[in-house]
Amino acid sequence: MSRLIRMDKTGHTTLAEWTAEDSDATDAAVAAFRAELDQGYYAVVSDADGNASHVRELPVDASLVILRRPIAGG
Amino acid sequence: MTDAVAGGQARVAAAEGLPELATVWWRPRTDKSSIRRTERRWLAWTVAQTAPFLAVGALLVALKPLLIPMSLLAVAQAWIIAELYAARGAAVVRPRRLSGLAAGARKTAERTALGLLGDLLDHRSRALHDSTGLVLERGELGAWVLGEAGAILVPSGGRRAHCYCVKPTDAALPHADRVAHLLLALRADETGFATVANLAFCGARWRLRRRLDRSAREALDAAVEGSALRYA
Chain A
1 MSRLIRMDKT GHTTLAEWTA EDSDATDAAV AAFRAELDQG YYAVVSDADG NASHVRELPV
61 DASLVILRRP IAGG
Chain B
1001 MTDAVAGGQA RVAAAEGLPE LATVWWRPRT DKSSIRRTER RWLAWTVAQT APFLAVGALL
1061 VALKPLLIPM SLLAVAQAWI IAELYAARGA AVVRPRRLSG LAAGARKTAE RTALGLLGDL
1121 LDHRSRALHD STGLVLERGE LGAWVLGEAG AILVPSGGRR AHCYCVKPTD AALPHADRVA
1181 HLLLALRADE TGFATVANLA FCGARWRLRR RLDRSAREAL DAAVEGSALR YA
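Same order as they appear, the protein sequences are chains A and B.
Sequential numbering of the first sequence, starting at 1, is according to my numbering.
Sequential numbering of the second sequence, starting at 1001, is according to my numbering.
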């Protein structure tokens, strides 16, 4: 089961869960993903080796996609 | 599911670097050579600011030994200038006070955020975060200590330290989520992360260490150890 989560003031919120076989759930995840990107969030996929990459389309094979706010120099 | 794509294609964005780079388009991207240039520039700047006071101190003693107290004041002034810079650097990893949520809700949010951050860390980094509130991450530029509103980079060799002010734009995030924001951005594009961040201090690691609180010192020592291990 893959998850789309958003880091927010509650810690994090799970926005969607899907499996590659469930097209309805995947479509819902894609819609949620797009909506959050439109709100200014960035999406990151983190792998077990400690690498991360930004994505602009929902990678359906990723187990966890994290939405984060932009960062800026203080 | 026409809009969803397989992972390899979706990660094309990573090659373009950190999205936030667009907000600092005028800055050249940080790399190892610019890190060394920054170290030389800060050293020259510090010498330029402190040397006149040291010279005055020496001159006063040479002119009249009775002026030793005045000479010591000039030397102290030189010392204080360097210490003030180091104090500014140390402030980047100081914990911030959060606002916007009641204490109970904040505690719940912090627990939830900690779960996610813990999933992103290996055992050693998780233990370090538990004891210090800071995260250690090794990169190509050196070893990083990440706080919720800044980061310290210890490049190879471990003698110098670079302190950066950088934070998520959402002020209501729990502590662990703020650290996770910086961690994910750093992992995605280390040089981009160093470019977006604002440099607050660059100088001798020992001087910075004196200005840190105990837990931050522990994290800095772990970074130095990591830096030495990586580049030995």
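Heads up, the beta-carbon is just placed ideally off N, CA and C, and yes, glycines get one too.
List the residues of chain B that S63(A) touches, going by C-beta distances under 7 Å, in chain order. Residue numbering aside, residue 63(A) sits at position 63 when the first sequence is read from its first letter. Here the premise fails: no neighbours, minimum Cβ distance about 10 Å.
Which residues in chain B have a C-beta closer than 8 Å to the C-beta of S2(A)? List them in chain order. Your numbering for residue 2(A) matches position 2 in the first sequence. The contacting residues do not exist; S2(A) stays about 10 Å from chain B at best.
Counting only beta-carbon separations shorter than 9 Å, does E1185(B) have a partner in chain A? Position 185 of the second sequence, counting from 1, holds the residue named residue 1185(B). Checking the displayed sequence, the identity of residue 1185(B) turns out to be Ala instead of Glu. Cβ-Cβ to chain A under 9 Å: yes for A1185(B).
Cα separation between S1218(B) and D1130(B)? As a first step, residue 1218(B) is located in the second sequence; it is residue number 218 there, counting from the start. As a first step, residue 1130(B) is located in the second sequence; it is residue number 130 there, counting from the start. Looking at the sequence provided, one finds Glu at residue 1218(B) rather than Ser. Whole-angstrom Cα-Cα distance: 12 Å.
If L1220(B) sits next to L1212(B), beta carbons under 8 Å apart, how far is it from one beta carbon to the other, in whole angstroms? Start at 1 with the first residue of the second sequence, and residue 1220(B) comes out as number 220. Start at 1 with the first residue of the second sequence, and residue 1212(B) comes out as number 212. Sure, about 6 Å apart at Cβ, within 8 Å.
Reducing DSSP to helix, strand and coil, say where V1166(B) ends up. Counting from 1 along the second sequence, the entry for residue 1166(B) is found at position 166. Three-state DSSP puts V1166(B) in a strand.
Any chain A beta carbon closer than 9 Å to D1119(B): If you number the second sequence from 1, residue 1119(B) lands on position 119. With 9 Å as the cut-off, D1119(B) counts as an interface residue toward chain A.
Touching or not, the region 1022 to 1031 of chain B and the region 39 to 59 of chain A, by the rule of three or more beta carbon pairs under 8 Å? no
Beta bridge counterpart(s) of V44(A) as assigned by DSSP: Here residue 44(A) is taken as the residue at index 44 of the first sequence, counted from 1. Beta-bridge pairing links V44(A) to H54(A), I66(A).
Residues bridged to D8(A) by DSSP? Here residue 8(A) corresponds to residue number 8 of the first sequence, with the count starting at 1. According to DSSP, D8(A) bridges with G11(A).
Out of T1112(B), T1195(B), T1132(B), which one is the CA nearest neighbour of P1174(B)? Start at 1 with the first residue of the second sequence, and residue 1174(B) comes out as number 174. Ranking T1112(B), T1195(B), T1132(B) by Cα distance to P1174(B) puts T1112(B) first.
With a threshold of 16 other CB atoms inside 10 Å of the CB of S63(A), please say whether the residue is buried or exposed. The residue you call residue 63(A) lines up with position 63 of the first sequence. Exposed, because fewer than 16 other Cβ atoms sit within 10 Å of the Cβ of S63(A).
Determine the chain B residues that contact T19(A) at a beta-carbon separation under 9 Å, and present them in chain order. As a position in the first sequence, residue 19(A) is number 19, starting the count at 1. In chain order: nothing, as chain B lies at least about 11 Å away.
I'd like the ranges of any alpha helix (DSSP H) spanning at least 4 consecutive residues and lying wholly in the region 1083 to 1150 of chain B. 1103 to 1120, 1123 to 1132
Is S1071(B) helix, strand or coil when you go by DSSP? Taking the second sequence and counting its residues from 1, one reaches residue 1071(B) at position 71. Helix.
Closer than 8 Å by C-beta to A32(A): which residues in its own chain qualify, once you throw out the five before and the five after it? Chain order, please. In the first sequence, the residue the question calls residue 32(A) occupies position 32. Correct list, in chain order: L4, L15, A16.
Mind checking if D38(A) is an interface residue toward chain B, Cβ cutoff 9 Å exclusive? Position 38 of the first sequence, counted from the start, is the residue given in the question as residue 38(A). Cβ-Cβ to chain B under 9 Å: no for D38(A).
Which residues of chain C have a Cβ atom closer than 8 Å to the Cβ of R69(A), listed in chain order? Given the protein chain composition of this structure (A and B), no chain C is represented.
Just checking: is the beta-carbon of R1124(B) within a distance shorter than 9 Å of some beta-carbon in chain A? Walking along the second sequence from the start, residue 1124(B) turns up at place 124. False, the Cβ-Cβ gap to chain A never drops below 9 Å.
Cα-Cα separation between R1096(B) and A1171(B), rounded to whole angstroms: By one-based count along the second sequence, residue 1096(B) stands at place 96. By one-based count along the second sequence, residue 1171(B) stands at place 171. For R1096(B) and A1171(B), the distance between alpha carbons rounds to 10 Å.
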